[in-house]
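A.B. asks:
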Amino acid sequence: MALRATLWALCLIAMAFFATWQLRGGHTGIDADILSLIGQENAAPNGPQTDIATVRHLLANDGQQAIFMLSHANRDTLETAATDFAGRIAALDGTQGITLPGHNDNRFADLMALYGPHANSLLSPSDREKLANGDAEALYRRALQNLYSPATTLSSQSLKQDPFALLPAFLSDLGAKIGTGNDVIARDGQFYLPVMASLSPDLQSSGNDQRWVMDANAALQSVTDATPGLTTAKTGQIFFAVAEASRAQSDVQRIAIIATIGILLMIGLVFYSPIPLLGALLVVGSGLLAGLAAVVAIFPAIHAIALVFGATMIGISVDYALHYLVLRSAAGSPTDRLRKIRPGLSLGLLTSVIGFGALSLSPTQLLSQIAVYSIAGLVAAYCSVLFLLPLIPARDVRSSSPIRKLHDGLQAVLGKTFAPIRVRLIASAAIIITLALAAFVIPGNNDIRQFGHGNDALIADAGNIADILGLGGSPVFIRIDGDDPQARLETGEAVSDALTPLIADNRLGGMIGLSDLIPSITRQTENRDLVATGLYDRFGAALSDQLPVTITAPDKDADYIIPDDIAARTLPEIARLHSGGSDIIRLRNATDIDAIRTALADIQNVTLINPPTAISDQFAAYRLWAWIALGGALCVAAILAVLRYGFQTGICVFAAPAGAILFAVLGGYAFGIAQSFFTTMALFLVFAIGADYVLFLAESRNGTHDDDTRLAVLLSLISSVLAFGLLATSSVPLVRDIGSVIAIGLIGAWFLAFWMTAPTGDKNNAQTQKQRGQKQ
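The opening residue of the sequence shown carries number 535 in my numbering; numbering runs sequentially from there.
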């Protein structure tokens, strides 16, 4: 026994070092991105993607950008401060590049090199409209003004490629659509300037996102302190994710500390001795260590919510320790005491593994992490009970303990509710039928916006930046499907034509699609025809007389510009406007969704997608999956219970955790808790822990340690409700709802476990007399 204890202790020490090395060394990050809660559903590589896969792709790209807005009443002071700040941000590890107004000359040169040879194929909407309406003279006069302007940047090459100055108008319109942040905005006596940082794709997964945000905030504060009158705002997914992770870490510490103190206080009030406290700490600590080590070994990043949830392992793993610790010293040697509880302990572990194993099949990585954490933690707690607790001297429960007196009082009250087996079978049938009805009747609420806490300051900053600079984007976008890239571009142009009137009516703030960057070949051909007939045929000779170079009409057989790899290197925006085999049109300030949907009604292969709605719909589908999986787990549990205890007793034993689930569902609904996918998955924990209660009682009801088991179950309830009840105080709504549902369900599990396994009639009286004799 000593050898096994030594080997197990060494394993725990190794797990502690490994988990510390992974987390402290940055090998495993802490993720708080809500997208991590969504499975990686992907369609064929070159085919249309599902809505949720497109949402993931676009938001992941958006997550690689941080936007800062600096404001001051003096433009020169503002630009000086912005240049200083941009230099500080550029120097941070994890920053790939900086976009700053007035500092992007190389960007303009790259665009001219890409678009210049195709200038006659590219027209801004206003230029195209003028040519289509026969107003080419306005463009001719603009070309003359540009030619004789003192600030002109024309060269012989640009004059040959674009003598009518069509490309600057196209680029100006494109820049307004993209919102590149190349302009300083003046409003109400203030100047506003954007500084945009592109981030390393692995910044968050590497665990360095918190350091980057901390350093960026320090740089922002330093520039603000050095520039009186400077105001700032910031936005970006990285700021929201780090804020949520910090909040979750704070919850972890608070919950773990309070739960540990509460459970230790409970054990102290039962035994009046520090020795059982040591045993409980060993089991709890081993569960936490093993669970954490397993998660960091399997996943490159742990979700913050999984960390918060992992803290509740304190309330679960201590149950195993309690069933051993409450056994009387007169029960025999440590081996004899273990023999008494091993069947119930093993069956409890088995059902818990079944319940948490169902979590591991979840499409969301968050619940897979919780499943791994819980299974590894409970197995470790089980091993610690077998290998470590026998080395701890036994201490008996004090009869004067207030919790012992509470237990005796509750037993007397519960004894008055016990019923014959026939009544229990009827109740079991009612539980099963009502649970099935509740699954279908009680409505679900899977709105993604209810899951996170949010940060008021960051939300306000994001709104200001979107309102003043037009940056930060809108969550609503349009996906264009189709196998032919040119057909998708033509569809994009049709969408743009259909939605342009909504911009004029202020029902849509703006839009940008791949066809705005690279027009379709059909559109380029039309543009060449308009330019040739409207400009060159009418004004080409007149303009040529004013130029030092000879100009020629567009070559209608010249190569077209296409969205290939060369264009993508110059225009990284292409990646933001393409996903799988689909093109994307991003909408800005979409205030009238119904009008947009109506405008798109007659265009084929177009889907209007609202990311919050798409994610919520995905969680609704997950919730359906969760109920199916829960039904499967209950069926397995029913079969095992019948095989173990016979039909009648087995049905009653099975009805206890099933009733606990029903209690949680109805209780959560009564208290207004959203019936989401995550609260449904929390029912798996109610099932696993409730099964522990009834199995321990069922296994001990004919043994001499039955009263000890009943006390242990009560102590388990107190510890579990304490741990999960503390989850209900979390600042993260998702975690709060999960904790509330579990705490409600476990109270029902405790009552039903006693009620379904209690003896009846004379057997009950005999059992009561036997327990009194044991106490004496």
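Note that beta-carbon positions come from the ideal geometry of N, C-alpha and C, so glycine has one too. Keep in mind the model is a prediction, meaning the values are calculated, not measured.
Please classify proline 954 as buried or exposed, where buried requires at least 16 other C-beta atoms within 10 Å of its C-beta.
C.D. replies: The residue in question, proline 954, is exposed, as its Cβ has fewer than 16 Cβ neighbours within 10 Å.
A.B. asks: Buried or exposed for cysteine 917, going by 16 or more other Cβ atoms inside 10 Å?
C.D. replies: Per the 10 Å Cβ criterion, buried.
A.B. asks: Provide the residue(s) that pair with methionine 1290 in DSSP beta bridges, ordered along the chain.
C.D. replies: In DSSP, methionine 1290 forms no bridge with anything.
A.B. asks: Measure the alpha-carbon distance for glycine 891 versus phenylalanine 1258 and round it to whole angstroms.
C.D. replies: C-alpha separation (whole angstroms): 20 Å.
A.B. asks: Within 10 Å of its beta-carbon, does lysine 1304 have 16 or more other beta-carbons around it, so buried, or fewer, so exposed?
C.D. replies: Low confidence applies here, because lysine 1304 scores a pLDDT of 45, under 50, leaving its location unreliable; read the following figure in that light. Counting Cβ neighbours within 10 Å, lysine 1304 comes out exposed, since fewer than 16 surround it.
A.B. asks: Apply the 10 Å Cβ neighbour rule to tryptophan 555 and answer buried if 16 or more other Cβ atoms are within range, or exposed otherwise.
C.D. replies: The residue is exposed, with fewer than 16 neighbouring Cβ atoms inside 10 Å.
A.B. asks: What are the start and end residues of the alpha helix (DSSP H) that includes lysine 874?
C.D. replies: Counting along the chain, the alpha helix (DSSP H) containing lysine 874 begins and ends at 868 to 894.
A.B. asks: Go through its chain and collect everything with a Cβ distance to leucine 626's Cβ below 7 Å, but skip five positions before and after it.
C.D. replies: Around leucine 626: Trp746, Asp749 and Ala750.
A.B. asks: Check lysine 939 in the structure and name its three-state DSSP category.
C.D. replies: Helix.
A.B. asks: Taking leucine 708 as the reference, give the member of Ile1046, Leu815, Val1010 and Asp1099 with the closest Cα.
C.D. replies: Nearest C-alpha to leucine 708: Ile1046.
A.B. asks: Does the distance from the C-beta atom of aspartate 1117 to that of glycine 1026 stay below 7 Å?
C.D. replies: The answer is yes: Cβ separation under 7 Å.
A.B. asks: Here's a check: name, in chain order, each residue in its chain whose Cβ is nearer than 7 Å to the Cβ of isoleucine 832, leaving out the five neighbours to either side.
C.D. replies: These residues qualify, in order along the chain: Val906.
A.B. asks: Indicate whether arginine 932 and tyrosine 806 have their beta-carbon atoms separated by less than 7 Å.
C.D. replies: For arginine 932 and tyrosine 806, yes; Cβs fall inside 7 Å.
A.B. asks: Taking the alpha-carbon of isoleucine 1119 as reference, which of Ser820, Ala1167, Val1029 and Met800 has the nearest alpha-carbon?
C.D. replies: Ranking Ser820, Ala1167, Val1029 and Met800 by Cα distance to isoleucine 1119 puts Val1029 first.
A.B. asks: Using the beta-carbon count (16 or more within 10 Å), is glycine 821 buried or exposed?
C.D. replies: Classification of glycine 821: buried, given that the 10 Å Cβ count is 16 or more.
A.B. asks: Is the region 851 to 860 in contact with the region 1246 to 1258, if contact means three or more CB pairs nearer than 8 Å?
C.D. replies: Yes, since at least three Cβ pairs between the region 851 to 860 and the region 1246 to 1258 fall closer than 8 Å, the two stretches touch.
A.B. asks: On the DSSP bridge list, what partners appear for glutamine 679?
C.D. replies: According to DSSP, glutamine 679 bridges with nothing at all.
A.B. asks: Assign alanine 1160 to buried or exposed, taking buried as 16 or more other Cβ atoms, counted over all protein chains shown, within 10 Å of its Cβ.
C.D. replies: Buried is the call here.
A.B. asks: Hey, quick one: how far does the beta strand (DSSP E) through glycine 559 stretch, first residue to last?
C.D. replies: Neither: glycine 559 is in no beta strand (DSSP E) and is coded neither H nor E.
A.B. asks: What number of angstroms, rounded off, separates the C-alpha of glutamate 575 from the C-alpha of aspartate 981?
C.D. replies: Note on glutamate 575: pLDDT 48, under 50, position unreliable in the model; the coordinate value appears next. Their backbone Cα atoms lie some 19 Å apart in a straight line.
A.B. asks: Of the choices Leu859, Ala1171 and Ile993, whose alpha-carbon is the least far from that of methionine 800?
C.D. replies: Checked all of Leu859, Ala1171 and Ile993; the closest Cα to methionine 800 is Leu859.
A.B. asks: Decide if cysteine 1186 is buried, meaning its Cβ has at least 16 other Cβ atoms within 10 Å, or exposed.
C.D. replies: Under this definition cysteine 1186 is a buried residue.
A.B. asks: Drop a sphere of 10 angstroms on the beta-carbon of arginine 1103, count the other beta-carbons inside from all chains shown, and report buried for 16 or more, exposed for fewer.
C.D. replies: Exposed, since its Cβ has fewer than 16 Cβ neighbours within 10 Å.
A.B. asks: For threonine 539 and threonine 1238, what's the separation of their Cα atoms in angstroms?
C.D. replies: The amino acid occupying residue 539 in the given sequence is alanine; threonine does not appear at that position. If you take the alpha carbons of alanine 539 and threonine 1238, they lie about 28 Å apart.
A.B. asks: Can you tell which of Val913, Ala1087, Ala1101 and Arg1022 has its C-alpha closest to the C-alpha of leucine 1139?
C.D. replies: According to the sequence provided, residue 1139 is asparagine. The question's leucine does not apply to it. Comparing Cα positions, the closest option is Arg1022.
A.B. asks: Tell me the DSSP bridge mates of methionine 603?
C.D. replies: Methionine 603 pairs with Pro728 and Ala767.
A.B. asks: DSSP state of arginine 1235, grouped into three classes?
C.D. replies: Coil at arginine 1235, not helix or strand.
A.B. asks: Helix, strand or coil: how does DSSP classify glycine 911 here?
C.D. replies: Correct three-state label for glycine 911: helix.
A.B. asks: Evaluate proline 697 with the Cβ neighbour count: other Cβ atoms within 10 Å of its Cβ, from every protein chain shown; 16 or more gives buried, anything less gives exposed.
C.D. replies: Answer is buried; the Cβ neighbour count reaches 16.
A.B. asks: If I follow the unbroken beta strand (DSSP E) through arginine 1013, where does it start and stop?
C.D. replies: Run containing arginine 1013: 1011 to 1014, per the beta strand (DSSP E) assignment.
A.B. asks: State buried or exposed for threonine 1084, treating a residue as buried only when at least 16 other CB atoms are found within 10 Å of its CB.
C.D. replies: With fewer than 16 Cβ atoms within 10 Å of its Cβ, threonine 1084 is classed as exposed.
A.B. asks: Can the beta-carbon of asparagine 979 be found less than 7 Å from the beta-carbon of glutamine 1152?
C.D. replies: No, Cβ-Cβ distance for asparagine 979 and glutamine 1152 is not below 7 Å.
A.B. asks: Out of Ala647, Leu1081 and Thr1067, which has the shortest C-alpha to C-alpha gap to alanine 1087?
C.D. replies: Of the candidates Ala647, Leu1081 and Thr1067, the one whose C-alpha sits nearest the C-alpha of alanine 1087 is Thr1067.
A.B. asks: Return the CA-CA distance between methionine 1290 and phenylalanine 1221, expressed in angstroms with no decimal places.
C.D. replies: Computed Cα separation, rounded: 15 Å.
A.B. asks: For leucine 1042, name the three-state secondary structure that DSSP assigns.
C.D. replies: Looking at leucine 1042 - three-state DSSP - the assignment turns out to be strand.
A.B. asks: Return the bridge partner residues of glycine 1047 from the DSSP annotation.
C.D. replies: Per DSSP, Ile1119.
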